[in-house]
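Chemist:
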Amino acid sequence: MRIFKIPFDIKREEKIFGGYLSLRQVLYLMLAISSLGIFATPLNIIVKIIIITIIATFFLLCAFLKINEQNFDKLFLCATKYIIRRKKFKYERCLK
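If you count by the numbering used here, then the sequence shown holds residues 1082 to 1177, one letter each, in order.
Below, the structure is given as C-alpha coordinates:
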(Lines of atoms letter the chains of each structure in order from A and count residues from 1; the text may use other names and numbers.)
(Lines give C-alpha, C1' and ligand atoms only; values in the text may rest on other atoms or scores of the structure.)
Protein backbone atom coordinates (compact mmCIF):
# COMPACT_ATOMS: atom_id res chain seq x y z
CA MET A 1 0.00 0.00 0.00
CA ARG A 2 1.31 3.44 -0.91
CA ILE A 3 1.67 6.16 1.65
CA PHE A 4 1.37 9.77 0.56
CA LYS A 5 2.45 12.70 2.66
CA ILE A 6 -0.29 15.25 3.15
CA PRO A 7 0.89 18.82 3.63
CA PHE A 8 -0.72 20.50 6.59
CA ASP A 9 -0.90 24.18 5.78
CA ILE A 10 -3.47 25.63 8.14
CA LYS A 11 -2.46 29.25 7.63
CA ARG A 12 -3.75 29.50 4.06
CA GLU A 13 -7.02 28.52 2.46
CA GLU A 14 -7.07 26.17 -0.47
CA LYS A 15 -7.88 28.01 -3.70
CA ILE A 16 -10.49 25.75 -5.29
CA PHE A 17 -12.14 27.91 -7.95
CA GLY A 18 -9.69 28.52 -10.77
CA GLY A 19 -6.80 28.64 -8.35
CA TYR A 20 -7.78 32.18 -7.36
CA LEU A 21 -10.78 31.92 -4.99
CA SER A 22 -11.42 29.79 -1.95
CA LEU A 23 -14.81 28.37 -1.02
CA ARG A 24 -15.28 31.03 1.66
CA GLN A 25 -14.60 33.82 -0.84
CA VAL A 26 -17.04 32.37 -3.38
CA LEU A 27 -19.78 32.13 -0.75
CA TYR A 28 -19.29 35.76 0.27
CA LEU A 29 -19.31 36.83 -3.38
CA MET A 30 -22.59 34.96 -3.89
CA LEU A 31 -24.08 36.74 -0.87
CA ALA A 32 -22.91 40.10 -2.22
CA ILE A 33 -24.48 39.39 -5.60
CA SER A 34 -27.69 38.13 -4.02
CA SER A 35 -28.04 41.48 -2.25
CA LEU A 36 -29.16 42.81 -5.64
CA GLY A 37 -32.48 41.10 -4.90
CA ILE A 38 -33.37 44.18 -2.88
CA PHE A 39 -34.15 45.87 -6.21
CA ALA A 40 -37.36 43.78 -6.29
CA THR A 41 -38.70 45.46 -3.15
CA PRO A 42 -41.05 48.45 -3.35
CA LEU A 43 -38.67 51.02 -1.85
CA ASN A 44 -37.33 54.32 -3.07
CA ILE A 45 -34.43 53.85 -5.51
CA ILE A 46 -32.06 55.94 -3.34
CA VAL A 47 -32.81 53.77 -0.30
CA LYS A 48 -32.28 50.62 -2.36
CA ILE A 49 -28.90 51.81 -3.63
CA ILE A 50 -27.74 52.75 -0.12
CA ILE A 51 -28.81 49.39 1.35
CA ILE A 52 -27.25 47.39 -1.49
CA THR A 53 -24.00 49.37 -1.24
CA ILE A 54 -23.71 48.72 2.49
CA ILE A 55 -24.50 45.00 2.24
CA ALA A 56 -22.34 44.35 -0.82
CA THR A 57 -19.40 46.28 0.65
CA PHE A 58 -19.58 44.28 3.88
CA PHE A 59 -19.60 40.95 2.03
CA LEU A 60 -16.79 42.02 -0.30
CA LEU A 61 -14.71 43.03 2.72
CA CYS A 62 -15.41 39.63 4.28
CA ALA A 63 -14.32 37.92 1.07
CA PHE A 64 -11.07 39.74 0.32
CA LEU A 65 -9.78 41.96 3.16
CA LYS A 66 -7.07 40.70 5.50
CA ILE A 67 -5.85 42.70 8.48
CA ASN A 68 -2.64 41.42 10.09
CA GLU A 69 -3.02 38.08 8.25
CA GLN A 70 -6.51 37.59 9.72
CA ASN A 71 -9.59 37.56 7.53
CA PHE A 72 -12.08 40.38 8.02
CA ASP A 73 -14.99 38.05 8.82
CA LYS A 74 -13.11 36.40 11.68
CA LEU A 75 -11.88 39.78 12.90
CA PHE A 76 -15.42 41.19 12.78
CA LEU A 77 -16.76 38.18 14.69
CA CYS A 78 -14.09 38.53 17.39
CA ALA A 79 -14.73 42.27 17.70
CA THR A 80 -18.48 41.69 17.99
CA LYS A 81 -17.95 39.05 20.67
CA TYR A 82 -15.65 41.42 22.56
CA ILE A 83 -18.21 44.23 22.49
CA ILE A 84 -21.13 42.02 23.53
CA ARG A 85 -19.29 39.93 26.11
CA ARG A 86 -19.63 40.84 29.75
CA LYS A 87 -16.35 42.10 31.10
CA LYS A 88 -14.95 41.18 34.47
CA PHE A 89 -13.08 43.92 36.30
CA LYS A 90 -10.69 42.75 39.00
CA TYR A 91 -9.98 46.07 40.62
CA GLU A 92 -13.27 47.71 41.45
CA ARG A 93 -13.78 50.38 44.03
CA CYS A 94 -15.71 49.12 47.03
CA LEU A 95 -18.62 51.38 47.83
CA LYS A 96 -19.63 51.54 51.48
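Ideal placement from N, C-alpha and C gives every residue a C-beta, glycine not left out. From a predicted model like this one, the values you see are computed outputs, not experimental measurements.
Assign I1084 to one of three DSSP states: helix, strand, or coil.
Modeler: If DSSP states are grouped into helix, strand and coil, I1084 belongs with coil.
Chemist: Within the continuous alpha helix (DSSP H) that includes Y1163, where are the two ends?
Modeler: Y1163 -> alpha helix (DSSP H) spans 1153–1165.
Chemist: So is Y1109 buried or exposed if we call it buried at 16+ other beta carbons inside 10 Å?
Modeler: With 16 or more other Cβ atoms within 10 Å, it is buried.
Chemist: If the criterion is Cβ atoms closer than 8 angstroms, does the pair I1133 and I1119 meet it?
Modeler: Yes. Within cutoff.
Chemist: State the CB to CB distance for the pair L1112 and F1140, rounded to an integer number of angstroms; the pair is presumed to be in contact (CB under 8 angstroms).
Modeler: Yes, L1112 and F1140 are in contact; Cβ-Cβ is about 5 angstroms, under 8 angstroms.
Chemist: Am I right that K1105 and E1094 are in contact with their C-beta atoms under 8 angstroms? What's the rounded C-beta distance?
Modeler: Residue identity check: residue 1105 is Arg in the sequence provided, not Lys. Confirmed, about 6 angstroms.
Chemist: So for F1098, helix, strand or coil by DSSP?
Modeler: Residue state, collapsed to three classes: strand.
Chemist: Pull up the distance between the alpha-carbon of D1154 and that of C1143, whole angstroms please.
Modeler: Cα to Cα, D1154 sits roughly 5 angstroms from C1143.
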